[in-house]
Each structure stands twice: as C-alpha cells, then as structure tokens.
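K.L.:
The opening position of the sequence shown corresponds to residue 16 in our numbering, with each subsequent residue numbered one higher.
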Amino acid sequence: MSKPKRDIVHGPIELKGLPLTDLETLLVEHGEKKYRAQQVYDAMYINRIDDVQEMLVLPQALRDKLAAEFRTESVRVKTVQRSGDGTKKFLFELWDKRTIESVLIPSEMIEDDGHPRRLTLCISTQVGCNLGCEFCATATLNLIRNLTSGEIVDQFLQAQKHSEKKITNIVFMGMGEPLNNYDEVMKAVQIFNDQRTDMVVPRRTTLSTAGVVHGILRMAEEKQIIKLAVSLHSTNQGIREKLMPIAKRWPLPVLYDALETYYKATRKSITYEYVLFDDLNDTEDDVKRLVKL
Ligand code: SF4
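#1: Report yes if the C-beta of E199 is less than 7 angstroms from at least one heavy atom of ligand 1; otherwise report no.
#2: Helix, strand or coil for Y289? Go by DSSP, reduced to three states.
#3: With a threshold of 6 angstroms on Cβ separation, who are the neighbours of P260 within its own chain once the five nearest residues in sequence on each side are excluded?
#4: Looking at the unbroken alpha helix (DSSP H) that takes in A244, where does it start and where does it end?
#5: Excluding five sequence neighbours on each side, which residues of the same chain lie with their C-beta closer than 7 angstroms to the C-beta of N161?
#6: Taking the straight line between their C-alpha atoms, what separation do you get for I75 and K49?
#7: Taking the beta carbon of K202 as the centre, do at least 16 other beta carbons fall within 10 Å, making it buried, or is it exposed?
#8: L77 by DSSP, collapsed to three states: which one?
#9: Tell me the residue span of the alpha helix (DSSP H) that contains F171.
#10: So what does DSSP say about R211, is it helix, strand or coil?
#11: Bridge partners for S122 per DSSP, in chain order?
#12: Please report how far the alpha carbon of A83 lies from the alpha carbon of N208, in whole angstroms.
#13: Roughly how far, in whole angstroms, is the beta-carbon of I31 from the beta-carbon of G165, given that I think they are within contact range, below 8 angstroms?
#14: Any heavy atom of ligand 1 within a distance shorter than 7 angstroms of the CB on M70?
#15: Since F187 and S223 should fall inside the 8 angstroms C-beta cutoff, what is the C-beta to C-beta distance between them, to a whole number of angstroms?
#16: Might you give, ordered along the chain, the residues of its own chain that have their beta carbon closer than 7 angstroms to the beta carbon of V228, omitting 5 neighbours on each side?
#17: Strictly under 8 angstroms for the Cβ-Cβ distance: is I185 near chain C by that measure?
#18: With a threshold of 7 angstroms (Cβ to nearest heavy atom), would L162 be considered close to ligand 1?
#19: Does the region 40 to 49 come close enough to the region 175 to 187 to have 3 or more Cβ pairs within less than 8 angstroms?
#20: Going straight from the alpha carbon of F85 to that of D300, what length do you get?
#21: Can you tell which of Y287, L81, T276 has its C-alpha closest to the C-alpha of P27?
#22: Straight-line CA distance for S98 to L295?
#23: Got a list of residues with beta-carbon closer than 5 angstroms to any non-hydrogen atom of ligand 1, in chain order?
#24: Return the chain-ordered list of same chain residues with a C-beta closer than 8 angstroms to the C-beta of I159, the five sequence neighbours on each side being excluded.
#25: If distances are taken between C-alpha atoms only, which option among E69, K279, Q68 comes closest to L232?
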C-alpha cells in the first residue's frame with residue numbers, strides 16, 4: 016500500500032485522487048475509523064460530491080475536521096468553450112493558479128436523437144511538458160509540474176458535470192506525457208476503472224505516450240490492462256528525431272522492443288498515432304514501413 020504523500024503543490028492535502036486503501040491509511044493516521052474512508056470514497060467518486068460539508072453521511076464533527084485539514088476541490092472550471100460539433104474545451108484552474116486544459120469530444124453521432132454514442136474526455140497529466148515535440152504547443156511551456164491524481168480525476172468529475180451524456184471514454188492525451196507522471200496517473204486509473212465508481216472501463220481508457228520506454232516496460236511488468244497508444248509520426252529514425260527529440264533517447268528499435276514486451280505481457284493491441292506532414296512522413300516508403308509494423 017503506498018502511503019499518501021503530501022500534495023506536490025502547497026496547501027492542504029487533497030482527498031480527491033486517493034484510492035480506497037490510501038484513503039483508509041490517511042484517515043486512520045488522523046485518528047478516524049477505517050470504515051469512514053469508504054464513506055468518503057463513495058461520496059467523492061460515486062455520489063460525486065465536491066464539498067465535504069455536503070457529505071451528510073458523515074457526522075458534523077468529522078465534516079468540520081475534514082474541511083479544516085484537507086481539501087476535496089482539485090480543479091476549478093475557469094472557462095468552457097463550445098464548438099458547433101459539440102466539442103467542449105475546458106480551462107481548469109489548479110490550487111496554485113496554474114491552468115490546464117481538457118477536451119470533451121463527441122463522436123459516432125446517433126442519427127435518431129443526435130446524441131453521441133461515444134463521448135471522450137482528453138485529460139491532461141502535467142502542467143507543460145519537457146519532451147519538446149516539434150508540432151506541439153504545450154512543449155513551448157516546458158515542464159512546470161506533474162499533476163496530482165486528484166487533479167487528474169477531478170478533470171473527469173467536473174467535465175461530467177458539464178455534460179448531460181455520460182463520458183464513455185478517456186484518453187491521457189492532453190497536456191503532458193502521462194508516463195512521466197506514472198504513479199499519479201495509475202492512481203487515477205484505479206479510481207476511473209473501479210466498477211463501483213461507474214466512470215470508465217479499462218478498455219475505454221487509453222494512455223497515449225510519446226514513447227517513454229521505461230514507462231511502457233513498467234506497464235508490461237504490472238500487466239496494466241488499459242489501452243496503449245504510441246505517437247509514432249515516422250518510422251524513419253532521423254525524421255522521428257526531428258519531430259520528437261525523445262527518439263534520440265529511445266531509438267525506434269528500442270521502442271519496438273518495449274512494445275513487443277508490452278504486447279507479450281498483456282496481449283493488448285497497440286494503437287499507433289501518425290500525423291501526416293507534407294513531404295516529410297507521407298511518402299510511399301513511409302506507408303510501406305508503416306504497414307510492416
Ligand atoms: S509528449 Fe505530448 S505534450 Fe509533450 S511535447 Fe510531445 S506532444 Fe506535447
């Protein structure tokens with residue numbers, strides 16, 4: 016059981032983002048009965064209550080204590096931009112006033128009622144990113160800090176409150192490289208994929224990586240059953256290095272070996288993401304190499 020650590024931003028410890036075992040440890044350490052953790056867990060993730068004072072299942076004295084010592088607000092909606100196709104872009108403010116984005120994307124519209132069959136939330140995992148991909152706006156920010164599991168889970172909870180339809184899929188593909196914030200991301204995944212929280216199932220949870228090999232190998236070792244997607248963008252080492260500097264650290268053969276290990280351990284197919292750039296990665300040779308993967 017991992018011990019809940021003090022928040023990586025200043026301020027009271029977040030309750031949101033803690034899986035049940037961590038919540039139990041925390042509350043017992045603070046002199047409470049273990050079963051209270053289950054009540055707080057259910058209130059936050061099943062009943063989706065943000066304010067401790069509204070968790071009426073808890074006695075008033077405990078609500079006061081939790082409100083004084085901890086916090087349950089992890090992200091706050093600053094703005095929501097709506098597009099004509101139903102996409103919603105959220106700007107969230109964090110405890111330390113930094114901001115991150117999440118995007119809610121409807122797809123596969125059902126003709127009869129005009130509602131989406133699939134509603135995917137694209138979630139951020141870091142403030143900024145230090146991987147420096149050539150085509151990415153986030154890269155210009157560099158890495159400011161990792162998000163906590165609470166900030167990751169709360170993007171989902173707050174976005175869901177702005178949608179009449181249930182969010183069906185999540186993809187870790189917003190700001191940041193999720194495998195560079197492995198522990199917090201996987202803690203959030205535990206909560207997302209817990210059947211009791213009714214958030215999202217593992218097969219509808221996708222982690223998109225630029226190719227952080229030690230993270231892929233760790234997923235293989237832990238037999239993580241969520242889906243893995245890799246931003247490939249070129250099968251040519253030189254071109255990939257130009258687009259994604261991470262390719263210098265982990266060249267394509269090393270990346271492919273790690274993906275093979277992951278596949279053997281999990282039997283989960285891997286998605287390759289490939290953005291076409293004119294006259295750079297869109298030749299016939301590129302296509303031939305791609306189909307061989
Ligand atoms: S890993 Fe993702 S967030 Fe980071 S620079 Fe590359 S594309 Fe941008």
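Note that the Cβ used here is the ideal one computed from N, Cα and C, for glycine as well.
P.N.:
Concretely, from the data shown:
#1: no
#2: coil
#3: The residues are G147.
#4: That residue, A244, is in no alpha helix (DSSP H); its beta strand (DSSP E) goes 242 to 246.
#5: I23, Q141, N196, E199
#6: For the sequence presented, residue 75 should be read as Gln rather than Ile. The straight-line gap from Cα to Cα measures roughly 17 angstroms.
#7: By the neighbour-count criterion, in which 16 or more other beta carbons inside 10 Å mark a residue as buried, K202 falls on the buried side.
#8: DSSP places L77 in helix when its eight states are reduced to three.
#9: 164 to 176
#10: helix
#11: R133
#12: 30 angstroms
#13: Strictly speaking, residue 31 in this sequence is Lys, with Ile absent from that position. Yes, they are in contact, since the Cβ atoms of K31 and G165 sit about 4 angstroms apart, within 8 angstroms.
#14: At a cut-off of 7 angstroms, the beta-carbon of M70 does not count as near ligand 1: no heavy atom of the ligand is closer than that.
#15: 6 angstroms
#16: W265, V269, L270, A273
#17: The chain inventory of the structure shown lacks chain C, comprising one protein chain alone.
#18: no
#19: no
#20: 57 angstroms
#21: L81
#22: 31 angstroms
#23: Answer in sequence order: C144, L146, C148, C151, T153, A154, E192, A225.
#24: Shown here for I159: same chain residues with a beta carbon closer than 8 angstroms to its own, the five before and five after excluded, namely R113, Q141, V142, G143 in chain order.
#25: K279
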